[in-house]
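Participant:
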Amino acid sequence: MVTSVMPTYGRIDIAFERGEGPYLYSTDGRRFLDFATGIATNSLGHAHPKLVTAIADQAAKLMHVSNLYRIPEQEALADKLVATSFADTVFFCNSGAESLEGSIKVARRYQFHVGQPQRTKIICCNHSFHGRTLGTLSATDKEAYREGFGPRVQGFTHVAFGNLNEMRDAAAAEDAAAILVEPVQGEGGIFVATPEYLRALREIADEFGLMLVFDEVQCGMGRTGRLWAHEWAGIAPDIMATAKGLGGGFPVGAVMASEKAASGMKPGLHGSTYGGNPLAMVAAKTVLDVVSEPAFLEHVEKTAASLCGKLERIAGKHSSVIEEVRGAGLLIGLKCRVPAGDLQTALREQQGMLTVGAGENVLRVLPPLTIDESHVSEAVEKIDAACAGLARHAA
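Residue numbers (our numbering): 7 to 401.
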């Protein structure tokens with residue numbers, strides 16, 4: 007018999023009743039060090055006082071009115087995003103998949119607007135993950151996600167991540183409209199684009215008249231130590247999708263675009279009933295105010311360097327369990343020699359630490375951006391102990 011909640015998830019049998027900072031507390035009284043953060047979403051940890059207060063105060067005043075009217079809270083967040091990024095304009099939605107759908111529409115509409123309606127194809131990369139709507143499934147490079155949901159949405163093609171020859175060949179096609187890339191691939195296995203690769207993508211897009219679209223749903227909002235991951239390359243996209251950490255746990259997404267990229271957009275071409283409602287905007291503005299501070303980003307970069315350095319030593323010590331440490335900032339992947347799920351289970355059940363799986367037998371380590379050195383030490387001790395246990399079991 008089917009459950010009342012549609013069984014689309016392979017859920018772990020734990021329920022949480024509250025959180026505080028980097029910790030979650032289950033209904034049966036256990037405490038967990040949360041280095042999963044709702045899949046890189048709870049960027050300020052749990053129950054951050056500024057975020058809690060801002061949401062509560064706004065909820066007591068006004069939560070939703072729809073986009074039939076001006077929304078001052080939306081304008082304030084858009085102004086802040088524009089001031090702290092390449093973008094000139096922002097469209098608000100509710101999730102990462104929606105922000106990618108919107109980004110694809112903006113890219114295609116631009117080509118239509120400049121008299122190139124045949125340019126509709128979006129060039130994506132292998133190992134990519136862009137969402138679970140029918141459109142973003144077609145942009146995603148994982149056939150298992152699409153099984154049974156055919157036919158596939160047309161207008162997407164894939165090339166090898168990091169291969170500029172393949173990208174250039176695809177960009178030269180008459181129907182090419184945009185390049186869509188994650189600066190750091192999360193779900194696919196924590197593959198980091200080099201600055202040289204991102205700069206070359208910018209050059210290719212410019213040469214062939216394509217829109218350059220970055221998916222920073224997971225790697226944006228300070229997770230790499232810069233507010234936006236592409237900033238490490240010193241270039242700017244035309245369009246960017248962001249979500250997850252933007253709301254610190256509250257559902258919100260955004261399509262960010264240059265004036266040129268958005269030149270074809272006008273009233274009636276895109277919309278969202280819930281997108282940009284006052285409550286979501288206040289939550290996201292509060293998170294952005296915290297994360298965009300230079301001192302905060304410096305803290306993320308410093309903490310990430312410490313954590314990655316210690317994880318490298320753990321990998322050397324337990325080479326039979328961990329093959330490689332990958333990532334950028336606090337978006338870290340442990341490429342495992344044992345099944346990554348075994349390490350994830352050992353951490354959760356024996357050490358009280360939460361992590362997230364990824365492709366390519368990788369375990370993601372995604373702590374809140376607010377962790378300090380004491381949490382780094384605690385996490386490393388737990389990972390060391392879990393690896394030691396798995397190594398003994400394998401022997």
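Each residue gets a CB set at the ideal place from its N, CA and C atoms; glycine is no exception.
Inspect the beta-carbon positions of Val261 and Ile245 and report whether they are closer than 8 Å.
Facilitator: Cβ atoms of Val261 and Ile245: closer than 8 Å.
Participant: Should Ala249 be labelled buried (16 or more other beta-carbon atoms within 10 Å of its own) or exposed?
Facilitator: buried
Participant: Exposed or buried, Asp40, counting other C-beta atoms within 10 Å across all chains shown (16 or more means buried)?
Facilitator: A residue is called buried once 16 or more other Cβ atoms fall within 10 Å of its Cβ, and Asp40 is buried on that count.
Participant: Do the stretch 66-85 and the stretch 309-322 touch if we need at least three Cβ pairs shorter than 8 Å?
Facilitator: Contact fails: fewer than three Cβ-Cβ distances are below 8 Å.
Participant: Let me check understanding here. Comparing Cα to Cα, which of Ser32, Ala394 and Val96 lies closest to Lys272?
Facilitator: Nearest to Lys272 by alpha-carbon distance, out of Ser32, Ala394 and Val96, is Val96.
Participant: From Ala177 to Gln124, what distance separates their C-alpha atoms?
Facilitator: Approximately 14 Å between the Cα atoms of the pair.
Participant: Leaving out the 5 sequence neighbours to the left and right, which residues in its chain are closer than 8 Å to Asp94 when beta-carbon positions are compared?
Facilitator: Val88, Ala263, Ser264, Glu265 and Ala268
Participant: Examine the Cβ distances between the stretch 10-22 and the stretch 331-338 and report whether three or more of them are shorter than 8 Å.
Facilitator: no
Participant: Label Tyr116 either buried or exposed according to how many other C-beta atoms from any shown protein chain fall within 10 Å of its C-beta, with 16 as the threshold for buried.
Facilitator: buried
Participant: How close, in whole Å, do the beta carbons of Thr230 and Val190 come, if the pair is a contact with beta carbons under 8 Å?
Facilitator: 7 Å
Participant: Indicate the three-state DSSP secondary structure (helix, strand or coil) for Glu330 in the structure shown.
Facilitator: In the structure shown, Glu330 adopts extended strand secondary structure according to DSSP, grouped into three states.
Participant: Alpha carbon to alpha carbon, what distance is there between Asp175 and Leu207?
Facilitator: 12 Å
Participant: Might you give, ordered along the chain, the residues of its own chain that have their beta carbon closer than 6 Å to the beta carbon of Ser144, omitting 5 neighbours on each side?
Facilitator: Arg158, Val159 and Phe162
Participant: Can you tell which of Cys342, Ala394 and His236 has its C-alpha closest to the C-alpha of Gly195?
Facilitator: Cys342
Participant: So, does the stretch 97-107 touch the stretch 130-139, judging by three or more C-beta pairs under 8 Å?
Facilitator: With the cut-off at 8 Å, the stretch 97-107 and the stretch 130-139 touch.
Participant: Mapping DSSP to helix, strand and coil, what is Cys131?
Facilitator: strand
Participant: Look at the alpha carbon of Ile128 and the alpha carbon of Gly365, and state the distance between them as a whole number of angstroms.
Facilitator: 23 Å
Participant: For the pair the stretch 212-229 and the stretch 35-53, tell me if three or more CB-CB distances fall below 8 Å.
Facilitator: yes
Participant: What are the start and end residues of the beta strand (DSSP E) that includes Ser32?
Facilitator: Where Ser32 is concerned, the enclosing beta strand (DSSP E) stretches over Tyr29 to Ser32.
Participant: Cα separation between Ala60 and Thr376?
Facilitator: 18 Å
Participant: I think Ala285 touches Leu83, with their Cβ atoms under 8 Å apart; what is that distance to the nearest whole Å?
Facilitator: The question names Ala, but residue 285 in the sequence shown is Leu. With 8 Å as the limit, Leu285 and Leu83 do not qualify as a contact, their Cβ atoms being about 12 Å apart.
Participant: For Asp390, which residues in the same chain have their Cβ closer than 6 Å to its Cβ, ignoring the five residues on either side in sequence?
Facilitator: Ile320
Participant: Short of 6 Å in beta carbon distance, which residues of its chain neighbour His381, apart from the five on each side in sequence? Order them along the chain.
Facilitator: Pro28
Participant: Between the alpha carbons of Leu218 and Asn169, how many angstroms are there, rounded?
Facilitator: 16 Å
Participant: Just to confirm my understanding: we take Asp181, look at its own chain, exclude 5 residues before and 5 after, and list those with CB closer than 7 Å. What are they?
Facilitator: Gln124, Arg125, Thr126 and Lys127
Participant: Between His276 and Gly141, what straight-line distance do the alpha-carbon atoms span, to the nearest angstrom?
Facilitator: 15 Å
Participant: Alpha carbon to alpha carbon, what distance is there between Tyr75 and Gln350?
Facilitator: 47 Å
Participant: Thinking C-beta only, is Ala179 closer than 8 Å to Glu172?
Facilitator: no
Participant: Comparing alpha-carbon positions, which option in Tyr151, Ala184 and Arg332 lies nearest Lys316?
Facilitator: Answer by Cα proximity: Arg332.
Participant: Quick check on the DSSP output: what are the complete beta strand (DSSP E) runs of length 3 or more inside the stretch 182-217, in order along the chain?
Facilitator: 182-187
Participant: Given a threshold of 16 other Cβ atoms within 10 Å of its Cβ, counted over all protein chains shown, does Arg398 qualify as buried or as exposed?
Facilitator: exposed
Participant: Which residues in the same chain as Glu107 place their Cβ atom closer than 7 Å to its Cβ, once the five residues preceding and following it in sequence are excluded?
Facilitator: Thr139, Gly141 and Thr142
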